[in-house]
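Novice: As they're listed, the protein sequences go chains A and B. So the first sequence is numbered by the working numbering: it starts at 9 and just counts up by one. So the second sequence is numbered by the working numbering: it starts at 10 and just counts up by one.
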Amino acid sequence: MSDEKKINVSAEENEEALVDALFAKRISYDLTPDNSRFFLSEGGLISMELSVPDKEKEFFERVIIIRSFPISNPTGFLSVRAPDSRGSEKGEEIGIIHDINDFPEETVKIISEELDKRYFIPEITKVHSIRDKYGFSYWDCDTSSGRRTFIVSNPYSNIRLLDDGRLLVEDMDGSNFCIPEKKKLDNSSQRKIEAFY
Amino acid sequence: MLPLDILDKNAEEILDKHGLSMDQIEMAVMIDLDREEKYSRNWLVFSSRSRSVYYFTGDGAVFDAYDVDYYTEPLIENFSGSVRFIYNRHETKMPVIPEGTGEAEKKRLMDEYDRDAKSVIVCYATNKCKNKLNAFLTLIDRMAFKGETVKEDDELFKQFTEVCPKCGRSYPDGTKQCPYCDKNKKFVFRMFAFYKPHKWRCLLVLSCMMINSFILLITPYLQNKFLLNEVLNPEGGHHAVEWVIATISAIVGLNLVNTFTDIFQHRAEQYMSCHVTDTMRKTIFEKVQTLSLSFFGSNSVGNIITRIENDGPAVANFFGLYIPNTIWNTVNLIGMMIIVFSMNWKLSLIILAPVPLLFILYRTREPKYYKAASRTFRARSSMNGMVNDSLSGIRVVKAFAKEVDETHRFRKFAEKDRQANLYQNLMYLSFFPLVGLLIGMSSQVIWSIGGAEVINKNMSYADFVTYFSYVGLVFSPIRYFTTNFADALNHAVNSAQRFYETMDTKPDIIETVDQITPESIRGDIELKNVNFSYDLNRPILKNVSMKINHGDQIGLVGHTGAGKSTIANLITRLYDPSSGSILIDGIDIKKINPDVLRKNMAIVSQEIFIFRGTVADNIRYARPDASLEEVIDAAKAANAHDFIMAMPRGYDTIVGIGSSRAMSGGEQQRISIARAILLAPKILILDEATAAMDTETERLIGKSLDSLVEGRTSISIAHRLSTLKGCNRLNVIEDGEIVESGTHEELIRLRGIYYKLYKLQSEANKKIVVGG
Ligand SMILES: Nc1ncnc2c1ncn2[C@@H]1O[C@H](COP(=O)(O)OP(=O)(O)OP(=O)(O)O)[C@@H](O)[C@H]1O
Ligand SMILES: [Mg+2]
Chain A
9 MSDEKKINVS AEENEEALVD ALFAKRISYD LTPDNSRFFL SEGGLISMEL
59 SVPDKEKEFF ERVIIIRSFP ISNPTGFLSV RAPDSRGSEK GEEIGIIHDI
109 NDFPEETVKI ISEELDKRYF IPEITKVHSI RDKYGFSYWD CDTSSGRRTF
159 IVSNPYSNIR LLDDGRLLVE DMDGSNFCIP EKKKLDNSSQ RKIEAFY
Chain B
10 MLPLDILDKN AEEILDKHGL SMDQIEMAVM IDLDREEKYS RNWLVFSSRS
60 RSVYYFTGDG AVFDAYDVDY YTEPLIENFS GSVRFIYNRH ETKMPVIPEG
110 TGEAEKKRLM DEYDRDAKSV IVCYATNKCK NKLNAFLTLI DRMAFKGETV
160 KEDDELFKQF TEVCPKCGRS YPDGTKQCPY CDKNKKFVFR MFAFYKPHKW
210 RCLLVLSCMM INSFILLITP YLQNKFLLNE VLNPEGGHHA VEWVIATISA
260 IVGLNLVNTF TDIFQHRAEQ YMSCHVTDTM RKTIFEKVQT LSLSFFGSNS
310 VGNIITRIEN DGPAVANFFG LYIPNTIWNT VNLIGMMIIV FSMNWKLSLI
360 ILAPVPLLFI LYRTREPKYY KAASRTFRAR SSMNGMVNDS LSGIRVVKAF
410 AKEVDETHRF RKFAEKDRQA NLYQNLMYLS FFPLVGLLIG MSSQVIWSIG
460 GAEVINKNMS YADFVTYFSY VGLVFSPIRY FTTNFADALN HAVNSAQRFY
510 ETMDTKPDII ETVDQITPES IRGDIELKNV NFSYDLNRPI LKNVSMKINH
560 GDQIGLVGHT GAGKSTIANL ITRLYDPSSG SILIDGIDIK KINPDVLRKN
610 MAIVSQEIFI FRGTVADNIR YARPDASLEE VIDAAKAANA HDFIMAMPRG
660 YDTIVGIGSS RAMSGGEQQR ISIARAILLA PKILILDEAT AAMDTETERL
710 IGKSLDSLVE GRTSISIAHR LSTLKGCNRL NVIEDGEIVE SGTHEELIRL
760 RGIYYKLYKL QSEANKKIVV GG
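(1) Alpha carbon to alpha carbon, how far is B:I106 from B:T158?
(2) Using the beta-carbon count (16 or more within 10 Å), is B:S636 buried or exposed?
(3) Give the single residue among B:G245, B:V240, B:V266 whose Cα lies nearest to the Cα of B:A255.
(4) Taking three-plus beta-carbon pairs below 8 Å as touching, is the region 226 to 240 of chain B in contact with the region 295 to 310 of chain B?
(5) For B:H248, which of helix, strand or coil comes out of DSSP?
(6) Cβ atoms of B:T706 and B:G675: under 8 Å apart, would you say?
(7) Show which residues of chain A have a CB atom less than 7 Å away from the CB atom of B:D544.
(8) For B:F304, name the three-state secondary structure that DSSP assigns.
(9) When we look at the beta-carbon of A:G173 and count the other beta-carbons within 10 Å, is it buried (16 or more) or exposed?
(10) Taking just the CA atoms, how far does B:S725 sit from A:G51?
(11) In angstroms, rounded to a whole number, what distance separates the CA positions of B:S614 and B:Y630?
(12) Can you tell me where the alpha helix (DSSP H) holding B:C736 begins and where it ends?
(13) If we cut at 8 Å on Cβ distances, does B:K573 have a partner in chain A?
(14) How many Å lie between B:I549 and B:I617 at the Cα?
(15) Check this for me: beta carbons of B:D78 and B:R58, under 8 Å apart or not?
(16) Using a C-beta cutoff of 8 Å, does A:K125 count as contacting chain B?
(17) Would you please verify whether the beta carbon of A:E101 is less than 8 Å from any beta carbon of chain B?
(18) Going straight from the alpha carbon of B:K167 to that of B:K691, what length do you get?
(19) Could you spell out where the alpha helix (DSSP H) holding B:T373 opens and where it closes?
(20) Regarding B:Q615 and ligand 2, is the C-beta to nearest heavy atom distance less than 7 Å?
(21) Can you tell me the Cβ-Cβ gap for A:S36 and B:G90, rounded? I've got them flagged as a contact below 8 Å.
(22) Would you list the one or two residues that DSSP bridges to B:E535?
(23) Using only the alpha-carbon positions, how far apart do B:E513 and B:R404 sit?
(24) What are the boundary residues of the alpha helix (DSSP H) that B:Y476 is part of?
(25) How far does the alpha helix (DSSP H) with B:K127 in it extend, from its first residue to its last?
(26) In angstroms with no decimal places, state the Cα-to-Cα distance between A:V71 and A:I118.
(27) Find the residues of chain B that neighbour A:S153, judging by a C-beta separation of less than 7 Å, and give them in chain order.
(28) Relative to the C-alpha of B:V71, which candidate in B:F652, B:K26, B:T110 has its C-alpha closest?
(29) DSSP beta-bridge partners for B:I742?
(30) Out of B:S357, B:F368, B:G402, B:G445, which has the shortest C-alpha to C-alpha gap to B:S478?
(31) Give the C-beta separation of A:C186 and A:I132 to the nearest angstrom, bearing in mind that I take them to be a contact with Cβ-Cβ under 8 Å.
(32) Could you tell me how far apart the beta carbons of A:D181 and B:K137 are, in whole angstroms, since I believe they sit closer than 8 Å?
(33) What number of angstroms, rounded off, separates the C-alpha of A:L169 from the C-alpha of B:P586?
(34) Can you look up A:G99 in the DSSP assignment and give me helix, strand or coil?
(35) At a Cβ cut of 8 Å, what residues of the region 505 to 519 of chain B count as close to chain A, listed as they run along the chain?
(36) Considering only heavy atoms of ligand 1, does any lie closer than 7 Å to the CB of B:A144?
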């Protein structure tokens, strides 16, 4: 009798442990130079070591770093995530870096480079031509990534002037280009984009 | 080689240098970014003989090989505007898992294998290459691991070979629009189509104008030259009182005719202008209705309202009022030029002097005009958008006591609108006096030279006065062309561009030519490898496949944001999948006549919308011809009858935004369930249809729904698992994939996500019991 009861209890405990395991979720830490180290992996990606007091050191071969405010605060509140096994891109958050500039120079360099690649928005440095043909706008520009021609559909909706004076252009493929400051362009380029300001 | 991208000479040479001949290469993709994310031509090729992927840069500086047995789990990371392709490198080949290994053991072995893997970057590419890159990886999987032989006419290549039927050029990626053919007709010609129904009125306007023009040209002659020189002058041939009366009567007569033709002309113009404005507005509204939801995603409501409200009229005005004016002014200008030049060509040259100057002035101002016009549009449409937003969300505004802040926000938008408007008008106004000055100066010059001529007796006084009255008239068209007309033209071109931008937008949901109109629909649904994303940078559904037989009751569960409603959106064809297909009764949904689809399918959507109108009209929305009896039956089935009867005017109560009668969340849901029931569809989709109701009401509705869904296919989406009790199959969606599928018992046994949800809900219930 008592034996049977014992078994039942342990089954229930098992069950509970299972449920707990199901609901287990990572705690997201405030990442500081004290508890986290970042380095470039062999494959060119960002690896990370997390050492939180009272916890085993954790190593992540590949972490994903995402900006919380890509436009209004590109260097702050970076979410560092561990991709889950299915290769999903979201993953779980390991922690948040409040300001990347608190980290050593080397870390700042590799993370900034990674972020620049993730948020790939070439800057337009010279406008060679913009041709409008009823609804489509054909751009030929020099950008920070080289010369590029692209097509913008619905220029009225896909060319946006942000509040801080940046001009954001989204082309048909969903790639973005930006002009940080009109004044910095040469005169002939300025004249061509005049109408969007 | 398979038809993805074709290697160029340069790439072939590089491959050759590394000992790879062309017949070993199965396929290639051009990668348009290098590893520093600079634009360049780089290549990714696959050879099945060496079972390897090669990446090399166009300059040959980088040449990397990836053996697909060691480099596994290809992943395409979606960045904003670009993608990164990474592989996992293993030291060993994938372990061969013997037949009959248990699931847990299998997982353990794979985890162990994965542990030592290192991620490596293969390449970066822009979104342009993304589809081909995806196809490349799919093909490697099929050729190297599934042992298939892929032919050149494989289904997969269809998406790349679709071409514009007119010019044969392939469409730009991700669109079905041909930028070369679709919109090269000048809008001016397209505008005239709107005037076709009014051609007799156009003719009337034109003839009135001709008469007016003639009168205008002849009057100075009668008034000045004839009256002064011939009648009043004692030496003239008609020096008699009768002639005075005759001339004056002629002038009065002409004036009378002029007045009447003027009235006719303006009435006809106004009539046309109002009609065309109306037609254009209707056309654009009709067009907007046909556009896909993605259009509404990228254009704010304010923007659309402004397009409908302002752009049509602006263009119609230009054509209705300015084109006639322009013709009139042109005729006058030519007529008067001929007259003044024949009277005194030397003096007349002075008239032409300011023209080039005016032209240059105009050209330099033109871009500014244009810019001012588009800025006015933007300011106006963001203001409209803000008003729309604020009023639609008035409940939230009030709940957070944000009335004052909203007013401030509105002030900012209104201020911008004012500035833009003022800027546009002032620019035009400051140009106007400048034109006046130039014209004034040249007429003064004519005065002085002409005056000297009269004194020197080279010209008679009467001739001079006549001449000068013509000169005065010549300047009026010139003034017109450089001011009013220029302004209106810029305004109209600006508006017309937007008008045609909307008109030329193609819905993403394109009706195919070979449409099928089935008599009836049985209700079998099949999703085959469906992929979908709302915006290009973020895939939502990944390879979703499921099969639903008619009469099945399917439940979809999963975390919020998993993609359940998205599946419902695709089945109801609010969007089309980006790849894969959806079949209904075995027919591709794209081929089924949309009317048949709409009649046989109803969705009670998570986002309920009650239109402004009576309760009855809201229930009858999908079937306006339903009888009152049917309306009541439907309401009863949705358990809505009783609360409707409690409303002051029963089924005639006006509800919806802006009415005094608001309904509770659950009441709104019941109205929309009644809406669906009334349609008696073969396929019923309930997306959280009863989420806002108490459990008892939910039960009651569940019962009537059960009788409704009998013999119908139903898909229910719910978080509350008790809602799904009647379902004979449940699919668990996680992150855009179906991860579990089966009956309630099967899923519980699986101890996966469903089990977790189930546990959570029953735990919560238990807690309540214990706590109470
Ligand atoms: N119109 C849209 N444009 C862009 N993204 C969208 C759009 N609609 C939904 N999404 C995104 O697609 C994902 C799936 O949304 P979906 O509405 O299908 O979720 P769901 O499973 O129905 O969630 P819930 O249980 O909360 O209703 C979400 O992450 C959402 O942010
Ligand atoms: Mg939903």
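We treat Cβ as the ideally placed atom computed from N, Cα and C, and that holds for glycine. Being a predicted model, the structure only gives us computed values, none of them experimental.
Specialist: Working from what's here:
(1) 25 Å
(2) exposed
(3) B:V240
(4) With the cut-off at 8 Å, the region 226 to 240 of chain B and the region 295 to 310 of chain B do not touch.
(5) Annotated three-state conformation of B:H248 is coil, per DSSP.
(6) yes
(7) G182
(8) Looking at B:F304 - three-state DSSP - the assignment turns out to be helix.
(9) exposed
(10) Their Cα atoms are separated by approximately 45 Å.
(11) 14 Å
(12) Note, B:C736: premise wrong, no alpha helix (DSSP H); not H, not E.
(13) Chain A has no Cβ within less than 8 Å of the Cβ of B:K573.
(14) 23 Å
(15) no
(16) yes
(17) By this cut-off, A:E101 is not an interface position.
(18) 32 Å
(19) 363 to 401
(20) yes
(21) With 8 Å as the limit, A:S36 and B:G90 do not qualify as a contact, their Cβ atoms being about 28 Å apart.
(22) B:K556, B:L592
(23) Note that residue 513 of chain B is Asp in the sequence shown, not Glu. The alpha-carbon separation between B:D513 and B:R404 amounts to approximately 37 Å.
(24) Element bounds for B:Y476: 470 to 491.
(25) The continuous stretches of alpha helix (DSSP H) do not include B:K127, which lies in the beta strand (DSSP E) extending over residues 127 to 135.
(26) 13 Å
(27) E46, K47, Y48
(28) B:K26
(29) B:G567, B:I747
(30) If we check each option's Cα against that of B:S478, B:S357 comes out closest.
(31) The C-beta distance from A:C186 to A:I132 rounds to 7 Å, short enough to meet the 8 Å contact threshold.
(32) 5 Å
(33) C-alpha separation (whole angstroms): 32 Å.
(34) coil
(35) Residues of the region 505 to 519 of chain B that bring their beta carbon within less than 8 Å of a beta carbon in chain A comprise Q506, R507, Y509, E510, D513, T514, in sequence order.
(36) no
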